[in-house]
Each structure stands twice: as C-alpha cells, then as structure tokens.
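Chemist:
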Amino acid sequence: MFRRLAARSVALTATPTGPCRSTTILCVRKDNKVILIGDRQVTLGERIVAKSSAVKLRRLSDNKVAIGFAGSTADAFALMEKLESKLQDFPDQLTRAAVELAKDWRTDKALRRLEASLIVCNDRLEMLEIDGQGNVITPEEDGIIAIGSGGTYAKAAARALADVDGFDAERIARKAMKIATDIDVFSNSNWDVEVLERKEEEGGEKKKEE
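When you read off a place in the sequence shown, starting at 1, and then add 134, the result is the number in my numbering.
Right, dumping it as structure tokens:
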C-alpha cells in the first residue's frame, strides 16, 4: 500500500518538461569529501523495469569531475558531451562551464528538447545541479543535492543524517540512498558511487556496489 502511494506521489510531482525522471541520484558534501551515488534501474512508463544495470554516473575532465543524470539516457549523454566541451574551454572552472552549458541549453533549439537533469561535482568540492529547464542551481549550506523520482526522499534522509556523530559523507549518502530506494519504486538497490576528495594531485576514486 505504502509503495503504491509513494509511486502515485512521484507521478504527481513529475516535471512538465517530460516524464518522471525514474531514478535516484544523490550528492553529499561533508568535510573534505564529496560523494555522488546513483542507482541503476531504468523504467519505461510507470511499471516496466527495462534494465537494472544502467550506469548513470560518469567521470569527465581527467577524472576531476563526476556527473550523475536523471531522465533520458541519450539526452543526458548529449548534455555530458556538451559539458565536457565547455570544461575544455574553461578548465578548472566548473561553474563557468555549467553556466555556459545552461546558456546553450536555453537558446539552442535542439538542446531545448533534451529531457534530462544533471548533478555535477569536482575535486574542489564544488557541486551543481543543472535542471531540465537549463537552470544552474547551487546546493544549500547543508551541501546536499538530489534529483530523480527518489530525490526528495534521498535529500530528506541525508539532511536528517548529516549531523549524526560518526557519519561521514559516504556513510550519509549510502544510508540515505538505502532509505530512498526502499521507498521509491522507480529506483533499485544496485548503486554506483563516485568519491571525490580535496587533493592536489589525485582526483578521487570510484567504487561500485552491486
């Protein structure tokens, strides 16, 4: 019963720009670490699970930048290619590159049709959301961003866990993701995790949980 009600609430909150972005992508920043975590489920419509092993996280810019997406996979890849080009034009300037991408997204007729949302973060601990309208959104002071059908649940859980003693960024992200994917019928418990730490020479590491 609860899962059916959750599915109904997600459907009601779907954005007008396209179908419900069926996934959960969460980004948590705490101390000197940023964690980007996302599930692997692909859903067609409201019921059919098309795939349970789709990787929705990627690395760009010599592994210094991590990106997670919700929405159309093809559209997200088109936007990631565009963002990578902007990062080459503006190296080590994530915000500038994201703003330039957003400008193109709003003005280019082809890009305006793309249905995807992105979370982008880097080893300088910068975090941004680029939504389906081409807006660039910075996180609130708590350093938490989430997108997708389970994003609201993940964000609420991460906020509740942020001040728990002994919980670092990765532990917060994993626990919040577990809560969100248990509730959201459009997300699953197969996750990918990207870890970015503030280091001079090393851009972080990638972990996977099957």
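All C-beta atoms, glycine included, are put in the ideal place defined by N, C-alpha and C.
Tell me the DSSP secondary structure of Lys198 in three-state form.
Modeler: Position 64 of the sequence shown holds residue 198. Looking at Lys198 - three-state DSSP - the assignment turns out to be coil, as it is neither helix nor strand.
Chemist: What would DSSP say about Val233, mapped onto helix, strand or coil?
Modeler: Numbered from its first residue, the sequence shown carries residue 233 at position 99. Val233 falls in the helix class under three-state DSSP.
Chemist: What is the C-beta distance between Val199 and Ala232, in whole angstroms, given that I count them as a contact (C-beta under 8 Å)?
Modeler: The residue labelled residue 199 in the question sits at position 65 within the sequence shown. The residue labelled residue 232 in the question sits at position 98 within the sequence shown. The Cβ separation is near 10 Å, so there is no contact.
Chemist: Count the other C-beta atoms from every protein chain shown that fall within 10 angstroms of the C-beta of Val298, then say buried if there are 16 or more, exposed otherwise.
Modeler: Numbered from its first residue, the sequence shown carries residue 298 at position 164. The residue in question, Val298, is exposed, as its Cβ has fewer than 16 Cβ neighbours within 10 Å.
Chemist: How is the beta strand (DSSP E) around Glu107 delimited, first residue to last?
Modeler: With the chain running from 135 to 344 in the structure shown, residue 107 is simply not present.
Chemist: Within the continuous beta strand (DSSP E) that includes Gly172, where are the two ends?
Modeler: The sequence position of residue 172 within the sequence shown is 38, counting from 1. Here the beta strand (DSSP E) through Gly172 covers 167–173.
Chemist: Between the stretch 274–288 and the stretch 232–243, do at least 3 Cβ pairs fall closer than 8 Å?
Modeler: Counting Cβ pairs under 8 Å, fewer than three are found: no touch.
Chemist: Going by Cα to Cα distance, which pick from Ile264, Ser251, Asp196, Leu217 is closest to Gly205?
Modeler: As a first step, residue 205 must be located in the sequence shown, where it is residue number 71. For the residues Ile264, Ser251, Asp196, Leu217, the minimum Cα distance to Gly205 belongs to Ser251.
Chemist: By Cβ distance, which residues of its chain are closer than 6 Å to Gly277, with the 5 residues on each side in sequence left out?
Modeler: Residue 277 sits at position 143 when you count from the first residue of the sequence shown. Cβ neighbours of Gly277 beyond the five flanking positions: Arg163.
Chemist: Between Ile264 and Gly202, which are expected to be in contact by the criterion C-beta below 8 Å, what is the C-beta distance as a whole number of angstroms?
Modeler: As a first step, residue 264 must be located in the sequence shown, where it is residue number 130. As a first step, residue 202 must be located in the sequence shown, where it is residue number 68. With 8 Å as the limit, Ile264 and Gly202 do not qualify as a contact, their Cβ atoms being about 11 Å apart.
Chemist: Straight-line CA distance for Glu234 to Glu215?
Modeler: Stepping through the sequence shown from its first residue, residue 234 is reached at position 100. Stepping through the sequence shown from its first residue, residue 215 is reached at position 81. Taking the straight line from one Cα to the other gives about 13 Å.
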